[in-house]
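Just below is one structure, and these are the notes that go with it.
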Amino acid sequence: MVLTLEDVNKIADLARIKIDTEEATRYLKSLKDIFQLASQMDAVDTTHIPAVAHPFGITQRLRADKITEVVPGNDLQQLTEHTQAGLYCVPPVIE
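When you read off a place in the sequence shown, starting at 1, and then add 1088, the result is the number in the working numbering.
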């Protein structure tokens, strides 16, 4: 994949981050280095290495997923002014 300065500026725009040309150039170099490392890792032959879910072979003990408190939805919606027809109103995420 060839990444260009235009791509970096587009990513910054999508993330709503204001960057100047100098920063964009620096980010472009960093991203190219990351892609190069990923390409090198992709080139490694791992056909004889078994897949693992965890590098140390341990499992994590998690607490039981139990309901401890039930709060009616109406009570929660009274805490905000931004509801309509029983739904929470949030800012748009996708343009």
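Positions of the beta carbon are idealized from the N, C-alpha and C atoms, including for glycine.
- By the 16-neighbour rule on beta-carbons within 10 angstroms, Val1140 is exposed.
- Boundaries of the alpha helix (DSSP H) harbouring Gly1161: 1161–1165, taken from the DSSP string.
- Between the alpha carbons of Met1129 and Phe1123 lies a distance of about 10 Å.
- Counting along the chain, the unbroken alpha helix (DSSP H) around Asp1101 starts and ends at 1093–1102.
- Taking C-beta atoms as the reference points, Leu1119 and Leu1091 count as a pair closer than 9 Å.
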